[in-house]
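Visitor: Heads up, the sequence shown is in this note's numbering, so the first residue is 1 and it goes up one at a time.
Each residue gets a CB set at the ideal place from its N, CA and C atoms; glycine is no exception.
Got a structure for you, written out below as C-alpha cells; questions coming shortly.
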Amino acid sequence: MTRLPSRVTLYEVGPRDGLQNIDTSVEVEVKVRFVEALAAAGVSAIEVGAFVSAKAVPQMAETDAVYTRLRRHAGVRYPALVPNERGLDAALAAGVQEIAVFTAASETFNRRNINASIAESIERFRPVVHRAREGGMRVRGYVSTCFGCPYEGAVDPKRVREVTRDLFALGVHEVSLGDTIGVAVPTQVDGVLELLLPEFDRDMLALHFHDTRGTAVANVVQALRNGMHIFDSSAGGLGGCPYAPGATGNVATEDLVYALHSMGIETGIDLDRLVDASSLVEARLGEPLPSRVLRAHLAERRRAADP
Ligand code: HMG
Ligand code: MG
1 MTRLPSRVTL YEVGPRDGLQ NIDTSVEVEV KVRFVEALAA AGVSAIEVGA
51 FVSAKAVPQM AETDAVYTRL RRHAGVRYPA LVPNERGLDA ALAAGVQEIA
101 VFTAASETFN RRNINASIAE SIERFRPVVH RAREGGMRVR GYVSTCFGCP
151 YEGAVDPKRV REVTRDLFAL GVHEVSLGDT IGVAVPTQVD GVLELLLPEF
201 DRDMLALHFH DTRGTAVANV VQALRNGMHI FDSSAGGLGG CPYAPGATGN
251 VATEDLVYAL HSMGIETGID LDRLVDASSL VEARLGEPLP SRVLRAHLAE
301 RRRAADP
C-alpha cells in the first residue's frame with residue numbers, strides 16, 4: 001500500500017456544482033460572498049460558475065457578474081466550466097484565468113448533458129483548449145460517469161482511460177474523474193486507479209465523488225491509499241447535476257476536512273471558517289445542508305454558546 005499523502009488539495013465545486021442543481025437561483029451578491037468566504041477559509045481552488053446555456057442551466061446564468069464583482073485573494077485559483085468556444089469567449093471577457101471542459105465516459109449521459117457524442121465533444125474542445133493554453137490558462141478536463149451512468153448502468157474503466165487519454169492529448173493539465181451519480185464503492189476506486197495510474201501521473205488526476213449513497217468519504221480514503229491527493233468537494237455537501245436524475249451533492253468539504261485533519265493530513269482549510277461560508281448559503285436557502293460535519297459543528301457551537 002502506498003503511504004498516505006501528508007497534504008491534500010481540495011478543489012471546491014460548491015458555487016458551481018452545488019448551486020447549479022438547486023431549485024432556487026441564488027443572487028449574484030450571495031454567490032460572491034460565498035466564494036469570498038471560501039477563500040477566506042483557506043480554500044485554494046474554487047470553481048465559481050459555468051459559461052453554459054442559460055436555458056440548460058439557469059442557475060449559472062450570471063456567472064460573468066459573479067466574476068466581475070469578486071475580490072480575488074492572492075494565491076487562490078478561480079476556474080470556470082466552459083463547454084465550447086462561445087463559453088471561452090464569455091469567460092475571457094469576465095477575466096477568468098482558468099477553465100474546465102467537460103465530457104463523459106458514457107455516450108447517453110454526454111448527449112443529454114452537452115448534446116454531443118464523446119468524440120464530438122473532444123473535437124469541440126480542441127480549439128477551446130488550444131486558445132486557452134495559448135493565453136497561458138490552466139485547463140482542467142472532467143470525465144463524468146466514470147463509475148456508472150444514470151442511463152447505461154455499468155461503465156467499462158477502459159472507456160474512462162480512453163477519454164482521459166483523449167483529454168490529455170488535447171493539452172489539459174489535469175483530469176477529474178467524476179462519480180456523477182454517487183454509485184462508486186472503494187473496490188471500484190481501486191479498479192479504475194489500477195488501470196489509470198500506470199499511465200497518468202497522480203499530480204494530474206483528481207477524483208470527484210458525489211455522495212448520493214454515502215460512500216464518498218470511504219472512496220476518498222481508498223483513493224488516498226492509492227496515493228491520490230486532489231479531490232473535488234462542495235461546501236455543505238451542496239450539489240448534483242441537472243442531467244443525472246437522482247444524483248445528490250458532492251462529498252462535503254467539511255466532511256473531508258474533518259476526516260483528513262483527524263488523520264494528520266493537511267488541507268490548508270480552517271474548518272470553523274468553512275462552516276461560516278456554508279452557513280451563509282444555508283441561511284439563504286432556508287434549509288439545512290447535508291454535510292454531517294457541518295451539522296455537528298453547528299450543534300457544538302450552539303452548545304458552547306448555551307452550555
Ligand atoms: P446545443 O443546443 O447543442 O448548442 O447545446 P447550440 O450551439 O445549438 O446552442 C443552444 C443554445 O445555447 C443557443 O441559444 C446558444 O446561443 C446557447 P438559443 O439560440 O437557443 O437562445 N449557447 C450558449 N449560451 C451561453 N453560453 C454558451 C453557449 N453555447 C451555446 N457557452 C451546450 C450545447 C453545451 C451549449 C448546452 O448543452 C449546455 O450549455 N449544456 C450545459 C450542461 C451543463 O452545464 N451541465 C452541468 C455541468 S457538468 C456536471 O455537473 C458534471 C461534473 O460536475 C462532473 C461530474 O459530476 O461527473 C463536471
Ligand atoms: Mg459533479
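Near L280, which residues of its chain fall below 8 Å by C-beta distance, leaving aside the five closest residues on each side in sequence?
Guide: V30, R33, F34 and A37
Visitor: For V52 and Y142, what's the separation of their Cα atoms in angstroms?
Guide: 15 Å
Visitor: Could you have a look at F102 and say whether DSSP puts it in helix, strand or coil?
Guide: strand
Visitor: What does the alpha-carbon distance come out to for the pair E62 and R16?
Guide: Whole-angstrom Cα-Cα distance: 11 Å.
Visitor: Can you tell me which of A54, T145 and M204 puts its alpha carbon nearest to the alpha carbon of I181?
Guide: T145
Visitor: Grouping DSSP H, G and I as helix and E and B as strand, with all else coil, what is Y258?
Guide: helix
Visitor: Going by alpha carbons, who is nearest to L10 out of G171, A206 and E282?
Guide: Of G171, A206 and E282, the residue nearest in Cα terms is A206.
Visitor: Taking E174 as part of the beta strand (DSSP E), name the residues at either end of that continuous run.
Guide: DSSP places E174 in the uninterrupted beta strand (DSSP E) bounded by E174 to D179.
Visitor: State the start and end residues of the unbroken alpha helix (DSSP H) segment that holds V30.
Guide: V28 to A40
Visitor: As a quick exercise: from S262, V217, V293 and R202, pick the residue whose alpha carbon is nearest that of V275.
Guide: Taking only the C-alpha atoms, the option nearest V275 is V293.
Visitor: Buried or exposed, going by whether 16 or more other CB atoms sit within 10 Å of the CB of H210?
Guide: buried
Visitor: Taking a contact to mean a Cβ-Cβ separation below 8 Å, would you say E313 touches L271 in this structure?
Guide: Look at the range of the chain in this structure, 1 to 307, and you will see that residue 313 is not part of it.
Visitor: Among the residues of its own chain, which have a CB less than 8 Å from the CB of T68, if the five just before and after it don't count?
Guide: A94 and G95
Visitor: Less than 8 Å between the beta carbons of V257 and I269, yes or no?
Guide: yes
Visitor: For Y243, which residues from the same chain have a beta carbon less than 6 Å from its beta carbon, with the 5 sequence-adjacent residues on both sides left out?
Guide: R112 and N113
Visitor: For a test of the three-state rule: what should DSSP assign to D166, helix, strand or coil?
Guide: Note: D166 maps to helix in three-state DSSP.
Visitor: So which of R124, M137 and A105 has the shortest CA-CA distance to K158?
Guide: Nearest Cα to K158 within the set R124, M137 and A105: A105.
Visitor: Straight-line CA distance for A216 to R86?
Guide: Cα to Cα, the separation comes out at about 34 Å.
Visitor: Pick from N21, V8 and E12: whose alpha carbon is nearest that of G246?
Guide: N21
Visitor: I'd like the list of long-range same chain contacts for S291, defined as Cβ closer than 6 Å, with 5 residues on each side in sequence excluded.
Guide: For S291, where only same-chain residues beyond five positions count, the Cβ hits under 6 Å are G236, G237, A252, E254 and D255.
Visitor: Taking only the alpha-carbon atoms, compute the straight-line gap between E194 and K55 and give it to the nearest angstrom.
Guide: A straight line joining the alpha-carbon of E194 with that of K55 spans about 39 Å.
Visitor: Let me confirm a value: T24 is counted as buried when at least 16 other C-beta atoms fall within 10 Å, else exposed. Which label applies?
Guide: exposed
Visitor: Taking only heavy atoms of ligand 2 into account, decide whether any of them is closer than 7 Å to the Cβ of D211.
Guide: Because no heavy atom of ligand 2 lies under 7 Å away, the Cβ of D211 does not count as near it: no.
Visitor: Looking at ligand 1, does it come within less than 7 Å of L81, judged from the CB to the closest heavy atom?
Guide: yes
Visitor: Counting C-beta neighbours from all protein chains within 10 Å, is the total for M228 16 or more, i.e. buried, or is it exposed?
Guide: It is buried - the Cβ of M228 has at least 16 other Cβ atoms within 10 Å.
Visitor: As an exercise, report each continuous alpha helix (DSSP H) stretch of at least 4 residues that is fully enclosed by the region 102-152, in chain order.
Guide: 107-114 and 118-134
Visitor: Using only the heavy atoms of ligand 1, determine whether one of them is closer than 7 Å to the beta carbon of Q188.
Guide: no
Visitor: Just reading off the alpha helix (DSSP H) that Y11 is part of, what are its end residues?
Guide: Y11: not part of any alpha helix (DSSP H); member of the beta strand (DSSP E) spanning T9 to E12, first to last residue.
Visitor: DSSP puts E266 in a beta bridge; with which residues?
Guide: R7
Visitor: Mind reading off the beta-carbon distance from V189 to N219? Whole number of angstroms is fine, and I expect it under 8 Å.
Guide: 5 Å
Visitor: Between G141 and ligand 1, is the CB less than 7 Å from at least one heavy atom?
Guide: no
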